[in-house]
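Asks: First, the structure itself, so that you have it in front of you.
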Amino acid sequence: MKIALIGYGKMGHTIERVAMSRGHEIVCVVDVDSQTNFATEAFASADVAIEFTTPLSAVSNIRKAWEADVPVVSGTTGWHEQLPMLKEELNREGKGLFWSSNYSIGVNLFMEVNRQLASMMNKYESYAIRMSETHHIHKLDAPSGTAITLAEDILERVERKRGWELGTEVGTPNIPIESIREGEVPGVHTVTYESDVDSITISHSAKSREGLALGAVLAAEFMQGRKGYYTMRDMLSL
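Quick note: the sequence shown uses our numbering, first residue 31, plus one each step.
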């Protein structure tokens, strides 16, 4: 499979290494100083583009890839409020987009556990809910896209909660999410239900970027020849 990379930072380099180890070819790289590569024959020859950039550039990058009729696997977070608009565009124009706030297989299984636990905890109002996420100091958005996804999945299932907010204060209608930025931490996400008598905590800790990169490449393999909007739940049949 021919892959174009949009974004060539640490994740881009890791994705390149994983993709090549699986027998794929990197035919084009687009980065901050090589935006003209979107208009090249090499980019247009790609079966799929994998995009890991910044919240400010993600939507523009996706549209530029679509202009070359190349479907996109995007792992950029911090712009999810524009996702409904892009879904309308791709359905109208016959484009392809795979988006996830986290491409780790383990995280997505963790998300499924989170959904099931939230459904069970809905009727137990004595349990306060709080969340935390820790990432490296280079991460621009807070809370992380993964934390937002976890919170939104809880909100769909726990009727007493109305939204989420950055912070640590429990006992409000919102779920507090504490965001910590330190060192080179790949990512830690924790959800806690706490009552006066006990607490229940589920957590996922990433050890490296390799799991994210592998998931993104698997998503690219999944997207080959597909149009429409897909997520990890589609790929993993959850």
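Built from N, CA and C at the ideal position, the CB exists for glycine as well.
Touch check for the region 110 to 122 and the region 69 to 81: three-plus C-beta pairs under 8 Å?
Replies: The region 110 to 122, when compared against the region 69 to 81, does not touch it at the 8 Å Cβ threshold.
Asks: Please work out which residues of its chain come closer than 7 Å, Cβ to Cβ, to Asn91, disregarding the five sequence neighbours upstream and downstream, and give them in chain order.
Replies: Residue numbering aside, residue 91 sits at position 61 when the sequence shown is read from its first letter. Counting only Cβ-Cβ distances below 7 Å, and skipping sequence neighbours, we find Ile36, Glu81 and Thr83.
Asks: With 16 as the cutoff for other CB atoms within 10 Å, does Lys237 come out buried or exposed?
Replies: Residue 237 sits at position 207 when you count from the first residue of the sequence shown. Classification of Lys237: exposed, given that the 10 Å Cβ count is below 16.
Asks: Check whether the Cβ atoms of Lys32 and Phe68 sit closer than 7 Å, and answer yes or no.
Replies: Start at 1 with the first residue of the sequence shown, and residue 32 comes out as number 2. Start at 1 with the first residue of the sequence shown, and residue 68 comes out as number 38. No.
Asks: Does the Cβ-Cβ distance between Ala250 and Gly105 come in under 7 Å?
Replies: Locating residue 250 in the sequence shown gives position 220, where the first residue counts as 1. Locating residue 105 in the sequence shown gives position 75, where the first residue counts as 1. No, these two residues do not count as a Cβ contact at 7 Å.
Asks: Label Thr277 either buried or exposed according to how many other C-beta atoms from any shown protein chain fall within 10 Å of its C-beta, with 16 as the threshold for buried.
Replies: Nothing about residue 277 can be read from this structure; the chain reaches only from 31 to 268.
Asks: Quick one: which unbroken alpha helix (DSSP H) runs of 4-plus residues sit fully inside the region 212 to 264? Chain order, please.
Replies: Complete alpha helix (DSSP H) runs here, min 4: 240 to 253.
Asks: In the DSSP assignment, what are the bridge partners of Asn164?
Replies: Here the question's residue 164 lines up with position 134 in the sequence shown. What sits at residue 164 in the sequence shown is Thr, not Asn. Partner(s): Ile210 and Val218.
Asks: By alpha-carbon positions, which one of His219, Glu224 and His166 ends up nearest to Leu139?
Replies: Residue 139 sits at position 109 when you count from the first residue of the sequence shown. Out of His219, Glu224 and His166, His219 has the C-alpha closest to the C-alpha of Leu139.
Asks: Taking the continuous alpha helix (DSSP H) assigned at Glu118, which residues delimit it?
Replies: Residue numbering aside, residue 118 sits at position 88 when the sequence shown is read from its first letter. Unbroken alpha helix (DSSP H) run through Glu118: Leu113 to Glu123.
Asks: Span of the alpha helix (DSSP H) holding Glu71?
Replies: Indexing the sequence shown from 1 puts residue 71 at position 41. From DSSP, the alpha helix (DSSP H) with Glu71 extends over Glu71 to Ala74.
Asks: Report the partner residues of Phe128 according to the DSSP bridge assignment.
Replies: Position 98 of the sequence shown, counted from the start, is the residue given in the question as residue 128. The partner list for Phe128 (beta bridge, DSSP) reads Val103 and Tyr260.
Asks: Would you mind working out which of Phe73, Arg190, Gly126 and Thr44 sits nearest Gly201, comparing C-alpha positions?
Replies: Counted from its first residue, the sequence shown places residue 201 at position 171. It is Arg190.
Asks: What is the DSSP secondary structure of Trp194, reduced to helix, strand or coil?
Replies: For the purposes of this step, residue 194 is taken as the residue at position 164 of the sequence shown. Here Trp194 sits in strand by DSSP.
Asks: For Val48, which residues of its own chain have a beta-carbon under 6 Å away from its beta-carbon, when the five flanking residues on both sides are left out?
Replies: The sequence position of residue 48 within the sequence shown is 18, counting from 1. So the qualifying residues of the chain are Ala243, Leu244 and Val247.
Asks: Is Met50 buried or exposed, if buried means 16 or more other CB atoms sit within 10 Å of its CB?
Replies: One-based indexing of the sequence shown puts residue 50 at position 20. Met50 comes out exposed.
Asks: Tell me which same chain residues have a C-beta within less than 6 Å of the C-beta of Leu268, skipping the five on either side of it?
Replies: The residue given as residue 268 occupies position 238 in the sequence shown. The residues are Glu142.
Asks: If you draw a straight line from the C-alpha of Leu185 to the C-alpha of Gly193, how long is it?
Replies: Counted from its first residue, the sequence shown places residue 185 at position 155. Counted from its first residue, the sequence shown places residue 193 at position 163. Taking the straight line from one Cα to the other gives about 7 Å.
Asks: Just to confirm the assignment, what range does the alpha helix (DSSP H) spanning Glu142 have?
Replies: On the sequence shown, residue 142 is found 112 positions in, with the first residue counted as 1. Element bounds for Glu142: Ile135 to Met151.
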